[in-house]
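Residue numbering for the sequence shown follows the working numbering, beginning at -18 and increasing consecutively. The C-beta atom is built at its ideal place from N, Cα and C for all residues, glycine as well.
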Amino acid sequence: PVIDGCPINDDPFHPICHECLSKTSVEGDDLQISWLNRDERFVEKLATPDVAVSDLIGEIDPIKIAEGRHLADLSAIHFGMIPRAHRSIFCINELPDLSERIQVSLFNLLQERDIQIKGYRIRLPLDVHIVATANPEDYTNRGRIITPLKDRYGAQIRTHYPKTVSEEMDIAIRESSSPSEIGESVKVPKFMQDIVGNITHLARRNPEINQRSGVSLRLTIANYEVMVAQAYRRGARNGTLSAPRISDLPYLLPTTIGKLEFETVEDDREVPIITSIIDRAVANTYAGLSETDVFEKLINVFDEEGYTLDTGENIEDRNYLQLVDKVPGLREELAKISGTAEIACVISALEFVLEGLHLTKRLNKIQKDGQNSYSNL
(Lines of atoms letter the chains of each structure in order from A and count residues from 1; the text may use other names and numbers.)
(Lines give C-alpha, C1' and ligand atoms only; values in the text may rest on other atoms or scores of the structure.)
Protein backbone atom coordinates (compact mmCIF):
# COMPACT_ATOMS: atom_id res chain seq x y z
CA PRO A 1 0.00 0.00 0.00
CA VAL A 2 1.18 3.53 -0.85
CA ILE A 3 -0.27 6.98 -0.36
CA ASP A 4 -2.19 7.84 -3.51
CA GLY A 5 -0.36 10.40 -5.64
CA CYS A 6 2.90 10.29 -3.66
CA PRO A 7 5.93 10.47 -6.00
CA ILE A 8 8.09 8.33 -3.68
CA ASN A 9 5.60 5.58 -2.76
CA ASP A 10 5.20 6.61 0.88
CA ASP A 11 3.99 4.09 3.44
CA PRO A 12 0.56 5.26 4.78
CA PHE A 13 1.67 4.34 8.32
CA HIS A 14 5.15 5.92 8.09
CA PRO A 15 5.16 8.82 5.58
CA ILE A 16 8.48 10.61 5.08
CA CYS A 17 7.97 13.27 2.39
CA HIS A 18 6.73 16.78 3.21
CA GLU A 19 3.52 16.58 1.21
CA CYS A 20 2.47 13.19 2.64
CA LEU A 21 3.17 14.28 6.21
CA SER A 22 0.88 17.29 5.68
CA LYS A 23 -1.79 15.22 3.93
CA THR A 24 -1.75 12.57 6.68
CA SER A 25 -2.19 15.13 9.45
CA VAL A 26 -5.14 16.74 7.64
CA GLU A 27 -7.01 13.71 6.25
CA GLY A 28 -6.24 11.12 8.92
CA ASP A 29 -8.14 7.88 8.36
CA ASP A 30 -9.73 9.31 5.20
CA LEU A 31 -6.32 9.31 3.47
CA GLN A 32 -6.54 7.82 -0.02
CA ILE A 33 -4.20 4.88 -0.66
CA SER A 34 -3.34 2.76 -3.69
CA TRP A 35 -1.53 -0.52 -4.27
CA LEU A 36 1.94 -0.78 -5.82
CA ASN A 37 2.35 -4.08 -7.65
CA ARG A 38 5.54 -5.99 -6.98
CA ASP A 39 6.47 -5.76 -10.68
CA GLU A 40 6.68 -1.98 -10.23
CA ARG A 41 9.01 -2.23 -7.25
CA PHE A 42 12.14 -2.78 -9.30
CA VAL A 43 13.85 0.26 -10.84
CA GLU A 44 16.86 -0.02 -13.13
CA LYS A 45 19.26 2.62 -14.45
CA LEU A 46 22.20 2.26 -16.81
CA ALA A 47 25.01 4.48 -15.53
CA THR A 48 26.62 6.65 -18.19
CA PRO A 49 29.06 9.56 -17.85
CA ASP A 50 26.30 12.07 -18.67
CA VAL A 51 24.03 11.00 -15.78
CA ALA A 52 23.47 14.02 -13.49
CA VAL A 53 22.69 14.30 -9.78
CA SER A 54 19.23 15.56 -10.76
CA ASP A 55 18.53 12.25 -12.54
CA LEU A 56 19.27 10.13 -9.49
CA ILE A 57 18.55 12.40 -6.51
CA GLY A 58 16.33 15.24 -7.72
CA GLU A 59 16.16 18.98 -8.46
CA ILE A 60 13.97 22.05 -8.08
CA ASP A 61 11.07 21.77 -10.52
CA PRO A 62 10.92 25.01 -12.61
CA ILE A 63 7.30 24.28 -13.57
CA LYS A 64 6.23 24.24 -9.94
CA ILE A 65 8.09 27.51 -9.37
CA ALA A 66 6.34 28.99 -12.41
CA GLU A 67 3.02 27.95 -10.86
CA GLY A 68 3.74 30.19 -7.90
CA ARG A 69 5.54 28.04 -5.35
CA HIS A 70 8.47 29.56 -3.49
CA LEU A 71 12.00 28.24 -3.77
CA ALA A 72 11.90 27.57 -0.03
CA ASP A 73 8.85 25.33 -0.46
CA LEU A 74 9.86 21.69 -0.15
CA SER A 75 6.97 20.72 -2.41
CA ALA A 76 8.82 22.42 -5.28
CA ILE A 77 11.32 19.53 -5.37
CA HIS A 78 11.14 17.02 -8.21
CA PHE A 79 12.54 13.77 -6.83
CA GLY A 80 14.98 11.67 -8.86
CA MET A 81 14.99 7.95 -9.53
CA ILE A 82 16.38 6.79 -6.18
CA PRO A 83 13.82 8.57 -3.95
CA ARG A 84 11.11 7.35 -6.33
CA ALA A 85 12.38 3.80 -5.69
CA HIS A 86 11.44 4.11 -2.00
CA ARG A 87 10.34 0.72 -0.65
CA SER A 88 11.71 -0.91 -3.81
CA ILE A 89 14.90 -2.32 -5.32
CA PHE A 90 17.09 0.10 -7.29
CA CYS A 91 19.72 -1.34 -9.62
CA ILE A 92 22.56 0.70 -11.13
CA ASN A 93 24.26 -1.04 -14.03
CA GLU A 94 27.91 -0.18 -14.78
CA LEU A 95 28.40 1.78 -11.55
CA PRO A 96 32.04 2.83 -12.34
CA ASP A 97 30.75 4.87 -15.29
CA LEU A 98 29.16 7.34 -12.86
CA SER A 99 31.32 10.39 -12.25
CA GLU A 100 32.97 10.55 -8.82
CA ARG A 101 30.84 13.59 -7.90
CA ILE A 102 27.64 11.56 -8.36
CA GLN A 103 29.10 8.58 -6.53
CA VAL A 104 29.73 10.93 -3.57
CA SER A 105 26.04 11.93 -3.65
CA LEU A 106 25.09 8.26 -3.67
CA PHE A 107 27.46 7.60 -0.78
CA ASN A 108 25.90 10.46 1.19
CA LEU A 109 22.45 8.98 0.61
CA LEU A 110 23.55 5.53 1.79
CA GLN A 111 25.49 6.80 4.80
CA GLU A 112 23.53 9.81 6.08
CA ARG A 113 20.08 9.02 4.68
CA ASP A 114 19.74 12.60 3.46
CA ILE A 115 19.69 14.28 0.06
CA GLN A 116 20.95 17.72 -0.92
CA ILE A 117 19.20 19.63 -3.68
CA LYS A 118 20.13 23.23 -4.53
CA GLY A 119 21.29 23.90 -0.99
CA TYR A 120 18.41 22.10 0.71
CA ARG A 121 19.37 19.29 3.02
CA ILE A 122 16.39 16.97 3.40
CA ARG A 123 16.36 13.99 5.72
CA LEU A 124 14.73 11.10 3.86
CA PRO A 125 14.96 7.73 5.61
CA LEU A 126 14.49 5.85 2.36
CA ASP A 127 13.87 2.12 2.42
CA VAL A 128 15.75 1.23 -0.77
CA HIS A 129 17.78 -1.85 -1.54
CA ILE A 130 20.49 -0.58 -3.90
CA VAL A 131 22.19 -3.11 -6.16
CA ALA A 132 25.04 -2.21 -8.50
CA THR A 133 26.79 -4.10 -11.28
CA ALA A 134 30.27 -3.49 -12.66
CA ASN A 135 32.59 -5.16 -15.11
CA PRO A 136 36.17 -5.83 -13.99
CA GLU A 137 38.27 -2.67 -14.08
CA ASP A 138 40.78 -4.23 -16.46
CA TYR A 139 37.98 -4.80 -19.01
CA THR A 140 36.36 -1.39 -19.48
CA ASN A 141 39.05 0.96 -18.11
CA ARG A 142 36.41 3.70 -18.07
CA GLY A 143 36.17 4.45 -14.37
CA ARG A 144 36.29 3.11 -10.86
CA ILE A 145 34.11 2.81 -7.78
CA ILE A 146 35.27 5.27 -5.14
CA THR A 147 36.49 3.56 -1.98
CA PRO A 148 33.99 5.15 0.49
CA LEU A 149 31.05 4.08 -1.66
CA LYS A 150 32.40 0.56 -2.13
CA ASP A 151 32.86 0.32 1.63
CA ARG A 152 29.14 1.04 2.21
CA TYR A 153 27.93 -1.90 0.19
CA GLY A 154 27.01 -4.89 2.30
CA ALA A 155 28.45 -7.56 0.01
CA GLN A 156 30.34 -8.02 -3.22
CA ILE A 157 29.50 -11.02 -5.40
CA ARG A 158 31.82 -12.03 -8.22
CA THR A 159 29.99 -13.82 -10.98
CA HIS A 160 31.50 -16.18 -13.53
CA TYR A 161 30.61 -17.80 -16.81
CA PRO A 162 28.87 -21.19 -16.63
CA LYS A 163 31.47 -23.85 -15.86
CA THR A 164 29.83 -26.67 -17.80
CA VAL A 165 28.24 -26.92 -21.22
CA SER A 166 24.99 -28.20 -19.72
CA GLU A 167 24.73 -25.13 -17.43
CA GLU A 168 25.53 -22.89 -20.40
CA MET A 169 22.78 -24.38 -22.53
CA ASP A 170 20.20 -24.42 -19.72
CA ILE A 171 20.60 -20.65 -19.43
CA ALA A 172 20.78 -20.07 -23.20
CA ILE A 173 17.58 -22.03 -23.89
CA ARG A 174 15.77 -20.26 -21.07
CA GLU A 175 16.89 -16.81 -22.25
CA SER A 176 16.43 -17.34 -26.00
CA SER A 177 13.58 -15.37 -27.49
CA SER A 178 12.37 -17.59 -30.32
CA PRO A 179 8.64 -17.25 -31.14
CA SER A 180 6.38 -20.04 -29.88
CA GLU A 181 5.60 -21.28 -33.41
CA ILE A 182 9.31 -22.00 -33.92
CA GLY A 183 9.43 -24.09 -30.77
CA GLU A 184 6.53 -26.20 -32.03
CA SER A 185 8.10 -26.77 -35.46
CA VAL A 186 11.73 -27.37 -34.50
CA LYS A 187 13.17 -30.09 -32.29
CA VAL A 188 16.77 -29.53 -31.19
CA PRO A 189 18.69 -32.75 -30.42
CA LYS A 190 20.90 -32.75 -27.34
CA PHE A 191 24.11 -33.10 -29.36
CA MET A 192 23.35 -29.92 -31.35
CA GLN A 193 22.81 -28.05 -28.08
CA ASP A 194 26.14 -29.36 -26.81
CA ILE A 195 27.91 -28.23 -29.99
CA VAL A 196 26.63 -24.67 -29.53
CA GLY A 197 27.74 -24.68 -25.90
CA ASN A 198 31.14 -26.15 -26.78
CA ILE A 199 31.75 -23.38 -29.33
CA THR A 200 31.50 -20.77 -26.56
CA HIS A 201 33.61 -22.76 -24.09
CA LEU A 202 36.35 -23.31 -26.68
CA ALA A 203 36.29 -19.61 -27.60
CA ARG A 204 36.89 -18.74 -23.93
CA ARG A 205 40.10 -20.77 -24.01
CA ASN A 206 41.34 -19.74 -27.45
CA PRO A 207 44.52 -17.60 -27.32
CA GLU A 208 43.60 -15.89 -30.60
CA ILE A 209 40.50 -14.35 -28.97
CA ASN A 210 40.83 -11.43 -26.57
CA GLN A 211 39.99 -12.95 -23.19
CA ARG A 212 40.10 -9.61 -21.35
CA SER A 213 36.99 -8.59 -23.30
CA GLY A 214 35.48 -11.95 -22.48
CA VAL A 215 33.20 -14.31 -24.38
CA SER A 216 29.71 -13.56 -23.12
CA LEU A 217 26.90 -16.04 -22.68
CA ARG A 218 25.05 -13.82 -25.15
CA LEU A 219 27.17 -15.52 -27.82
CA THR A 220 25.61 -18.87 -26.90
CA ILE A 221 22.12 -17.39 -26.88
CA ALA A 222 22.60 -15.72 -30.28
CA ASN A 223 24.08 -18.86 -31.86
CA TYR A 224 21.28 -21.02 -30.49
CA GLU A 225 18.61 -18.65 -31.85
CA VAL A 226 20.25 -18.49 -35.29
CA MET A 227 20.62 -22.27 -35.47
CA VAL A 228 16.96 -22.82 -34.52
CA ALA A 229 15.81 -20.11 -36.96
CA GLN A 230 17.70 -21.75 -39.82
CA ALA A 231 16.12 -25.10 -39.02
CA TYR A 232 12.69 -23.44 -38.87
CA ARG A 233 13.24 -21.86 -42.28
CA ARG A 234 14.05 -25.24 -43.81
CA GLY A 235 11.06 -26.85 -42.13
CA ALA A 236 8.71 -24.07 -43.26
CA ARG A 237 9.90 -24.48 -46.83
CA ASN A 238 9.38 -28.23 -46.78
CA GLY A 239 6.27 -28.15 -44.62
CA THR A 240 7.68 -30.64 -42.09
CA LEU A 241 9.08 -30.83 -38.58
CA SER A 242 12.71 -29.76 -38.69
CA ALA A 243 15.86 -30.16 -36.62
CA PRO A 244 19.18 -28.27 -36.73
CA ARG A 245 21.95 -30.03 -38.62
CA ILE A 246 25.73 -29.83 -38.94
CA SER A 247 25.20 -28.15 -42.31
CA ASP A 248 23.50 -25.26 -40.44
CA LEU A 249 26.62 -24.41 -38.42
CA PRO A 250 28.17 -22.06 -41.05
CA TYR A 251 25.26 -19.70 -40.32
CA LEU A 252 26.78 -19.19 -36.86
CA LEU A 253 29.87 -17.48 -38.30
CA PRO A 254 28.39 -13.91 -38.48
CA THR A 255 26.93 -14.02 -34.97
CA THR A 256 30.12 -15.47 -33.50
CA ILE A 257 32.49 -13.04 -35.22
CA GLY A 258 30.27 -10.10 -34.26
CA LYS A 259 30.48 -10.87 -30.54
CA LEU A 260 34.22 -11.51 -30.23
CA GLU A 261 37.34 -9.38 -30.20
CA PHE A 262 40.32 -11.01 -31.85
CA GLU A 263 43.99 -10.67 -30.95
CA THR A 264 44.95 -10.85 -34.61
CA VAL A 265 44.93 -7.68 -36.73
CA GLU A 266 44.39 -9.57 -39.98
CA ASP A 267 40.77 -9.31 -41.10
CA ASP A 268 40.86 -12.52 -43.13
CA ARG A 269 41.90 -14.61 -40.09
CA GLU A 270 38.56 -14.35 -38.29
CA VAL A 271 36.65 -16.91 -40.37
CA PRO A 272 39.37 -19.62 -40.19
CA ILE A 273 39.63 -19.15 -36.40
CA ILE A 274 35.88 -19.57 -35.84
CA THR A 275 35.64 -22.43 -38.37
CA SER A 276 38.39 -24.24 -36.46
CA ILE A 277 36.53 -23.69 -33.17
CA ILE A 278 33.28 -25.06 -34.66
CA ASP A 279 35.11 -28.17 -35.95
CA ARG A 280 36.65 -28.77 -32.52
CA ALA A 281 33.25 -28.30 -30.87
CA VAL A 282 31.78 -30.99 -33.14
CA ALA A 283 34.77 -33.28 -32.50
CA ASN A 284 34.50 -32.84 -28.72
CA THR A 285 30.79 -33.60 -28.77
CA TYR A 286 31.30 -36.62 -31.04
CA ALA A 287 34.01 -37.92 -28.68
CA GLY A 288 31.30 -38.32 -26.05
CA LEU A 289 29.50 -40.93 -28.19
CA SER A 290 29.97 -44.64 -27.68
CA GLU A 291 30.64 -46.04 -31.15
CA THR A 292 29.09 -49.39 -32.09
CA ASP A 293 29.69 -51.83 -34.95
CA VAL A 294 26.97 -49.96 -36.88
CA PHE A 295 29.46 -47.15 -37.43
CA GLU A 296 31.91 -49.59 -39.06
CA LYS A 297 29.14 -50.85 -41.31
CA LEU A 298 28.44 -47.25 -42.31
CA ILE A 299 32.11 -46.69 -43.17
CA ASN A 300 32.14 -49.92 -45.21
CA VAL A 301 29.29 -48.62 -47.38
CA PHE A 302 31.53 -45.70 -48.39
CA ASP A 303 34.67 -47.83 -48.71
CA GLU A 304 33.31 -50.89 -50.50
CA GLU A 305 30.55 -49.36 -52.61
CA GLY A 306 32.20 -46.01 -53.29
CA TYR A 307 29.11 -44.34 -51.87
CA THR A 308 28.96 -40.53 -51.82
CA LEU A 309 26.44 -38.44 -49.88
CA ASP A 310 25.86 -34.73 -50.39
CA THR A 311 24.51 -32.78 -47.43
CA GLY A 312 23.29 -29.21 -47.25
CA GLU A 313 20.29 -26.91 -47.09
CA ASN A 314 18.81 -27.91 -50.44
CA ILE A 315 19.32 -31.67 -50.21
CA GLU A 316 16.07 -33.63 -49.99
CA ASP A 317 15.37 -35.88 -47.00
CA ARG A 318 15.02 -38.99 -49.17
CA ASN A 319 18.69 -38.72 -50.17
CA TYR A 320 19.65 -39.11 -46.51
CA LEU A 321 17.15 -41.90 -45.87
CA GLN A 322 18.56 -43.96 -48.76
CA LEU A 323 21.85 -44.20 -46.87
CA VAL A 324 20.10 -44.82 -43.55
CA ASP A 325 18.22 -47.79 -45.02
CA LYS A 326 21.40 -49.22 -46.57
CA VAL A 327 22.99 -49.90 -43.18
CA PRO A 328 21.20 -52.44 -40.91
CA GLY A 329 20.54 -50.99 -37.47
CA LEU A 330 21.63 -47.48 -38.44
CA ARG A 331 18.18 -45.91 -38.10
CA GLU A 332 17.82 -47.30 -34.56
CA GLU A 333 21.30 -46.11 -33.61
CA LEU A 334 20.63 -42.61 -34.97
CA ALA A 335 17.30 -42.48 -33.13
CA LYS A 336 19.16 -43.41 -29.96
CA ILE A 337 21.70 -40.62 -30.52
CA SER A 338 19.04 -37.98 -31.21
CA GLY A 339 16.64 -39.21 -28.55
CA THR A 340 13.71 -39.64 -30.95
CA ALA A 341 12.77 -41.55 -34.09
CA GLU A 342 11.51 -38.38 -35.85
CA ILE A 343 12.89 -38.32 -39.40
CA ALA A 344 14.26 -34.77 -39.01
CA CYS A 345 16.24 -35.77 -35.91
CA VAL A 346 17.47 -39.00 -37.50
CA ILE A 347 18.82 -37.00 -40.45
CA SER A 348 20.40 -34.52 -38.08
CA ALA A 349 22.11 -37.38 -36.21
CA LEU A 350 23.32 -38.83 -39.53
CA GLU A 351 25.04 -35.56 -40.46
CA PHE A 352 26.55 -35.44 -36.97
CA VAL A 353 27.95 -38.98 -37.27
CA LEU A 354 29.31 -38.36 -40.78
CA GLU A 355 31.03 -35.16 -39.62
CA GLY A 356 32.42 -36.98 -36.59
CA LEU A 357 33.82 -39.73 -38.80
CA HIS A 358 35.38 -37.10 -41.03
CA LEU A 359 36.98 -35.25 -38.10
CA THR A 360 38.39 -38.57 -36.83
CA LYS A 361 39.87 -39.10 -40.31
CA ARG A 362 37.76 -42.05 -41.39
CA LEU A 363 35.75 -40.29 -44.10
CA ASN A 364 36.64 -37.66 -46.66
CA LYS A 365 34.69 -34.42 -47.01
CA ILE A 366 34.69 -31.91 -49.83
CA GLN A 367 33.01 -28.53 -49.39
CA LYS A 368 31.66 -26.79 -52.47
CA ASP A 369 28.88 -24.25 -53.12
CA GLY A 370 27.51 -24.46 -49.60
CA GLN A 371 27.27 -28.26 -49.66
CA ASN A 372 29.34 -31.03 -48.08
CA SER A 373 30.14 -34.20 -49.96
CA TYR A 374 31.17 -37.22 -47.86
CA SER A 375 33.04 -40.14 -49.44
CA ASN A 376 35.67 -42.76 -48.65
CA LEU A 377 39.24 -41.69 -47.93
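Between the Cα of residue i and the Cα atoms of the options, which residue gives the shortest distance?
| i | options | result |
| --- | --- | --- |
| residue 254 | 183, 226 and 269 | 183 |
| residue 203 | 70, 150 and 250 | 150 |
| residue 206 | 306, 163, 227 and 324 | 163 |
| residue 88 | 217, 38, 167 and 327 | 38 |
| residue 3 | 26, 55, 44 and 20 | 55 |
Residue i lies in the beta strand (DSSP E); which residues open and close that run?
| i | result |
| --- | --- |
| residue 166 | Where residue 166 is concerned, there is no enclosing beta strand (DSSP E), although the alpha helix (DSSP H) it sits in stretches over 161 to 166. |
| residue 113 | 109 to 113 |
| residue 69 | 69 to 74 |
| residue -10 | Per DSSP, residue -10 belongs to no beta strand (DSSP E) and is neither H nor E. |
Can you tell me whether residue i is buried or exposed? The criterion is at least 16 other CB atoms within 10 Å of its CB, across all chains shown.
| i | result |
| --- | --- |
| residue 136 | exposed |
| residue 57 | buried |
| residue 115 | buried |
| residue 360 | With the chain covering only -18 through 358, there is no way to say anything about residue 360. |
| residue 201 | buried |
| residue 147 | exposed |
| residue 82 | exposed |
| residue 175 | buried |
| residue 319 | buried |
| residue 306 | exposed |
| residue 92 | exposed |
| residue -6 | exposed |
For residue i, report the span of its alpha helix (DSSP H) as first-last.
| i | result |
| --- | --- |
| residue 267 | 251 to 268 |
| residue 131 | 128 to 133 |
| residue 352 | Careful: residue 352 lies outside any alpha helix (DSSP H), inside the beta strand (DSSP E) at 352 to 356. |
| residue 371 | Missing from the structure shown is residue 371; the chain here goes from -18 to 358 and no further. |
| residue 296 | Looking at the DSSP string, residue 296 is not in any alpha helix (DSSP H), and its letter there is neither H nor E. |
| residue 281 | 274 to 286 |
| residue 154 | 146 to 156 |
| residue -3 | Run containing residue -3: none; DSSP gives neither H nor E here. |
Quick check: residue i and residue j, are their CB atoms within less than 7 Å of each other?
| i | j | result |
| --- | --- | --- |
| residue 73 | residue 28 | yes |
| residue 78 | residue 30 | yes |
| residue 96 | residue 23 | no |
| residue 332 | residue 227 | yes |
| residue 355 | residue 346 | yes |
| residue 86 | residue 34 | yes |
| residue 224 | residue 168 | yes |
| residue 330 | residue 222 | no |
| residue 157 | residue 213 | no |
| residue 263 | residue 336 | yes |
| residue 59 | residue 42 | yes |
| residue 327 | residue 315 | yes |
| residue -11 | residue 51 | no |
| residue 311 | residue 282 | no |
| residue 14 | residue 1 | no |
So is the beta-carbon of residue i under 6 Å away from any non-hydrogen atom of the ligand ZN?
| i | result |
| --- | --- |
| residue 244 | Absence of the ligand ZN is noted for the structure shown, with no ligands found whatsoever. |
Problem set entry | Contiguous alpha helix (DSSP H) assignments of at least 4 residues, all confined to the segment 182 to 237 | 198 to 219
For this session: Could you tell me which uninterrupted alpha helix (DSSP H) segments, each at least 4 residues in length, are contained entirely in the segment 1 to 88, listed from first to last along the chain?
Result: 34 to 37, 43 to 47 and 62 to 65
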